[in-house]
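The structure appears right after this line, and notes come after that.
There are 2 protein chains.
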Amino acid sequence: MTQITVGIVGYGNLGRGVEKAIRQNPDFTLAAVFTRREPQGVTASVPVLHISEAEKYKGTIDVMILCGGSATDLPEQGPYFAKMFSTVDSYDTHALIPDYFAKVDAVATENGHVSVISTGWDPGLFSLNRMLAEAILPEGKEYTFWGRGVSQGHSDAIRRVEGVKNGVQYTIPVEDAVAKVRAGENPQLTTRDKHLRDCYVVAEEGADLARIEQEIVQMPNYFSDYDTTVNFITEEELKDKHSTMPHGGTVLRSGRTGENSTQIIEFGLKLDSNPEFTASVLVAYARAAYKLAKQNQAGAKTVFDIPFGLLSPKSAEQLRKELL
Amino acid sequence: MTQITVGIVGYGNLGRGVEKAIRQNPDFTLAAVFTRREPQGVTASVPVLHISEAEKYKGTIDVMILCGGSATDLPEQGPYFAKMFSTVDSYDTHALIPDYFAKVDAVATENGHVSVISTGWDPGLFSLNRMLAEAILPEGKEYTFWGRGVSQGHSDAIRRVEGVKNGVQYTIPVEDAVAKVRAGENPQLTTRDKHLRDCYVVAEEGADLARIEQEIVQMPNYFSDYDTTVNFITEEELKDKHSTMPHGGTVLRSGRTGENSTQIIEFGLKLDSNPEFTASVLVAYARAAYKLAKQNQAGAKTVFDIPFGLLSPKSAEQLRKELL
Chain A
4 MTQITVGIVG
14 YGNLGRGVEK
24 AIRQNPDFTL
34 AAVFTRREPQ
44 GVTASVPVLH
54 ISEAEKYKGT
64 IDVMILCGGS
74 ATDLPEQGPY
84 FAKMFSTVDS
94 YDTHALIPDY
104 FAKVDAVATE
114 NGHVSVISTG
124 WDPGLFSLNR
134 MLAEAILPEG
144 KEYTFWGRGV
154 SQGHSDAIRR
164 VEGVKNGVQY
174 TIPVEDAVAK
184 VRAGENPQLT
194 TRDKHLRDCY
204 VVAEEGADLA
214 RIEQEIVQMP
224 NYFSDYDTTV
234 NFITEEELKD
244 KHSTMPHGGT
254 VLRSGRTGEN
264 STQIIEFGLK
274 LDSNPEFTAS
284 VLVAYARAAY
294 KLAKQNQAGA
304 KTVFDIPFGL
314 LSPKSAEQLR
324 KELL
Chain B
4 MTQITVGIVG
14 YGNLGRGVEK
24 AIRQNPDFTL
34 AAVFTRREPQ
44 GVTASVPVLH
54 ISEAEKYKGT
64 IDVMILCGGS
74 ATDLPEQGPY
84 FAKMFSTVDS
94 YDTHALIPDY
104 FAKVDAVATE
114 NGHVSVISTG
124 WDPGLFSLNR
134 MLAEAILPEG
144 KEYTFWGRGV
154 SQGHSDAIRR
164 VEGVKNGVQY
174 TIPVEDAVAK
184 VRAGENPQLT
194 TRDKHLRDCY
204 VVAEEGADLA
214 RIEQEIVQMP
224 NYFSDYDTTV
234 NFITEEELKD
244 KHSTMPHGGT
254 VLRSGRTGEN
264 STQIIEFGLK
274 LDSNPEFTAS
284 VLVAYARAAY
294 KLAKQNQAGA
304 KTVFDIPFGL
314 LSPKSAEQLR
324 KELL
């Protein structure tokens, strides 16, 4: 079996998820973890090194799996690592993807590496399914529902409210809306019709709970357009019941063909661990990046550019025989 | 917009579905329909010609969309047309796909054409999703449920029973089994646990209904391993209520990552018209065949070999901007 040697850049939830995913894929070898922090403080199953030492691994590491955030890490690390290695990342600032693509593409092309950007599940698998469904059913309507799952951005927003010690926010799809789409009714849905927001909040002692609830529920951009529920709980209960990171969602396209046939395509995820799943997608695309680089391809690639067969450790013959 | 000129070979339900699908895709032009029958008897929106006249269209038609059956038509027509044109087909005899691939590949490669074989939804989109889910979640279990939908093979089997004038069979997934898989229970399911078979039968006058029912229910390979219901109805009711061809199904993978996180990937179709949907998939892959041929690729390809982006009329830039 071909061995693909990879490194992990960034060792938060996603990076740790990649380390676990690699254990499930015997064609991968993890060489090292690279961190911006002081490496002495970090323990992993392989050597942990400062990010500045990565260049010593040029020619040894086939693909660098970039696990940093989209706000500040990846805009810098994407082009930096594409100079030295083939890379995979989960850059997810939708509006800035064309710009990020151009920057990474220039460096990767010049240096003969393959950089798969913006993979994971959204962007990533959800994007693929939206595109596929639109190509097959050009006359139709697309719906995306997210959840039930923890939204990091909304949880952060709660924690910024005065008097809030800790909090977690769940995005929940409105079941009735999903059912209408599945039934082919093609409903017009407002923001409020599609998702609920459910908040579990630990307040500081003596805080004004009514005020906190009002501030959350009325917060523009984050909550004011939704039906939001605020539940006050103890720090202990938060830790016991709300410390995992489930997520998921559904992409549906309801289209028409012929005279009046309704055709529905649905793709859904139900994830106990959002970072572990995203990590598993990154590892499969790292395999594709490796194979594309072996074919002497270079430049930035997205999920739209990559044949599915390259994601699998199986050969094309095996795939045709076993999975077609 | 690039114009892709196509022909349809075989003008049954699938061929007519392709004709309708082309109307929804303004980058396609349908040049002609080719049939093995006497063309005078066939009316379409374009010239209908005998299959032997196809070679006159060499250089004019970019992609031939082969709509014949897998039993006898495609094993002959696949290699025959790959000599003259790029092609797309829905060859679905799973066990013989490697052999069919090899034959079409040899001819297509020699003649510089691209032949996409075995597309549609199963094989096709379902295969893609099984492969994707297995690559992302290597430790897991895959389930496929078909229906609710009309199975042509089982309907034919009913019609061969003595005393049966007409009949339609629906394959129905067992909801409780689907629910268990969705809940991450990883059940062990027998054939009987997964699907029901529901038959609507028109008997000849004076036929022994009890005997017909027994013969159907006990028929090996087709019905004996299932819970089967036989409903006797009139020819009129059959025509009124059972003359459309709905189908669909669900591919699920229930996997584990990390210590013990259950991760579920689901892909489902709910189709009012099975042939119209398969036709829509063929047209999208005809677009990919055209683009691959323009890139000077040649040979047989399957859904595993083709980047999703090629299925869309949109450019790579547009896809990144609008759909990633």
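Protein chains in written order, with our numbering: chain A, 4 to 327; chain B, 4 to 327.
All C-beta atoms, glycine included, are put in the ideal place defined by N, C-alpha and C.
For clarity, every value in this text was computed on a predicted model and none was experimentally measured.
N-terminal and C-terminal residue of the beta strand (DSSP E) that residue i is part of
i, result
"A/Thr-253", "250-260"
"B/Asn-234", "230-235"
"B/Gly-10", "7-12"
"A/Lys-304", "302-304"
"B/Leu-52", "51-53"
"B/Gln-321", "B/Gln-321 -> not in any beta strand (DSSP E); alpha helix (DSSP H) instead, spanning 319-326."
"A/Ser-264", "264-274"
Own chain residues within Cβ distance below 6 Å of residue i, not counting five before or after
i, result
"A/Tyr-94", "Ser-73, Leu-77, Tyr-103, Ile-120 and Ser-121"
"A/Pro-126", "Asp-95"
"B/Pro-190", "Lys-183"
"B/Glu-207", "Gly-166 and Lys-168"
"A/Lys-86", "Val-110 and Asn-114"
"B/Thr-260", "Gln-266"
9 Å Cβ cut-off: residues of chain B touching residue i
i, result
"A/Glu-142", "Gln-27"
"A/Gly-20", "Thr-260 and Gly-261"
"A/Thr-305", "Gly-312, Ala-319, Leu-322, Arg-323 and Leu-327"
N- and C-terminal bounds of the alpha helix (DSSP H) containing residue i
i, result
"B/Ile-219", "212-220"
"B/His-330", "Nothing in the structure corresponds to residue 330 of chain B, since chain B is present only between 4 and 327."
"A/Ser-283", "277-297"
"B/Tyr-60", "From DSSP, B/Tyr-60 is part of no alpha helix (DSSP H); its letter is neither H nor E."
"B/Thr-32", "Where B/Thr-32 is concerned, there is no enclosing alpha helix (DSSP H), although the beta strand (DSSP E) it sits in stretches over 31-38."
"A/Glu-22", "16-26"
"A/Ala-186", "A/Ala-186 -> no alpha helix (DSSP H), and no H or E assigned at all."
"B/Phe-104", "100-114"
"B/Glu-137", "128-139"
"B/Gln-80", "76-85"
"B/Asp-196", "194-197"
"A/Leu-241", "238-244"
Closest by C-alpha distance to residue i, when choosing among the options
i, options, result
"A/His-283", "B/Thr-90, B/His-53, B/Gly-143 and B/Ile-64", "Sequence check: residue 283 of chain A is Ser here, not His. Answer by Cα proximity: B/Gly-143."
"B/Tyr-293", "B/Lys-242, B/Val-91 and B/His-97", "B/Val-91"
"B/His-250", "B/Pro-278, B/Gly-152, B/Ala-105 and B/Glu-178", "B/Gly-152"
"A/Ala-24", "B/Thr-281, B/Ser-264 and B/Ala-301", "B/Ser-264"
"B/Gly-187", "B/Leu-327, B/Pro-310, B/Ser-257 and B/Glu-269", "B/Ser-257"
"B/Thr-38", "B/Gln-80, B/Phe-31, B/Thr-5 and B/Arg-26", "B/Gln-80"
"B/Glu-269", "B/Asp-30, B/Ser-246 and B/Leu-128", "B/Leu-128"
"A/Leu-52", "A/Gln-27, A/Glu-262, A/Arg-259 and A/Val-12", "A/Val-12"
"A/Leu-274", "A/Leu-295, A/Gly-252 and A/Leu-285", "A/Gly-252"
"B/Val-181", "B/Phe-148, B/Glu-165, B/Gly-71 and B/Leu-212", "B/Phe-148"
"A/Glu-238", "A/Thr-232, A/Val-205 and A/Thr-260", "A/Val-205"
"B/Gly-166", "B/Asp-201, B/Ala-136 and B/Glu-218", "B/Glu-218"
"A/Tyr-14", "A/Leu-326, A/Gly-302, A/Glu-279 and A/Ala-291", "A/Glu-279"
"A/Asp-328", "A/Phe-88, A/Lys-59 and A/Lys-244", "Since the first and last residues shown for chain A are 4 and 327, residue 328 of chain A lies out of range."
"B/Met-248", "B/Leu-69, B/Tyr-288, B/Ser-315 and B/Gln-155", "B/Gln-155"
"A/Leu-327", "B/Leu-99, B/Asp-179 and B/Leu-327", "B/Leu-99"
Close Cβ partners of residue i (< 7 Å) along its chain, the five nearest in sequence each way excluded
i, result
"A/Ser-158", "Gly-170, Val-171 and Gln-172"
"B/Thr-281", "Leu-17, Gly-20, Ser-93, Gly-123 and Trp-124"
"A/Asp-230", "Arg-195 and Leu-199"
"A/Ala-319", "Gly-312"
"B/Tyr-203", "Gly-170, Val-171, Asn-234, Ile-236, Leu-241 and His-245"
"A/Val-107", "Gly-81, Pro-82, Ala-85, Ser-118, Ile-120 and Ala-303"
Closer than 7 Å at the beta carbon, the chain B residues around residue i
i, result
"A/Lys-324", "Pro-101"
"A/Ala-287", "Ala-138 and Ile-139"
"A/Phe-280", "Thr-260 and Gln-266"
Contact list for residue i against chain A, beta-carbon separation under 9 Å
i, result
"B/Lys-244", "Going along chain A, no residue has its Cβ under 9 Å from B/Lys-244, so there is no contact; the nearest lies around 16 Å."
Partners in chain A for residue i, counting only beta-carbon separations shorter than 7 Å
i, result
"B/Ser-283", "Ile-139, Leu-140 and Thr-260"
"B/Met-134", "Phe-311, Ser-315, Leu-322 and Leu-326"
"B/Lys-23", "Thr-260 and Gly-261"
Contacts of residue i in chain A (Cβ-Cβ under 8 Å)
i, result
"B/Asp-308", "Pro-310, Gly-312 and Ala-319"
Partners in chain B for residue i, counting only beta-carbon separations shorter than 8 Å
i, result
"A/Lys-297", "Within chain B, no residue comes near A/Lys-297; the closest Cβ sits about 16 Å away, beyond 8 Å."
Other residues of its chain near residue i: CB distance less than 8 Å, five sequence neighbours each side excluded
i, result
"B/Gly-271", "Gly-251, Gly-252, Thr-253 and Val-254"
"B/Thr-63", "Thr-8 and Ala-34"
"B/Val-220", "Phe-226, Ser-227, Thr-231 and Val-233"
"A/Gly-150", "Tyr-173, Thr-174, Ile-175, Pro-176, His-198, His-250, Gly-251 and Gly-252"
Using a Cβ-Cβ cut-off of less than 7 Å, give me the residues of the stretch 100-132 of chain B that come near chain A, in sequence order. Ile-100, Pro-101, Phe-104, Ser-121, Pro-126, Ser-130 and Leu-131
Under 9 Å (Cβ pairs) to chain B, residues found in the stretch 261-275 of chain A: Gly-261, Glu-262, Asn-263, Ser-264, Thr-265, Gln-266, Ile-267, Ile-268, Glu-269, Phe-270, Gly-271, Leu-272, Lys-273, Leu-274 and Asp-275
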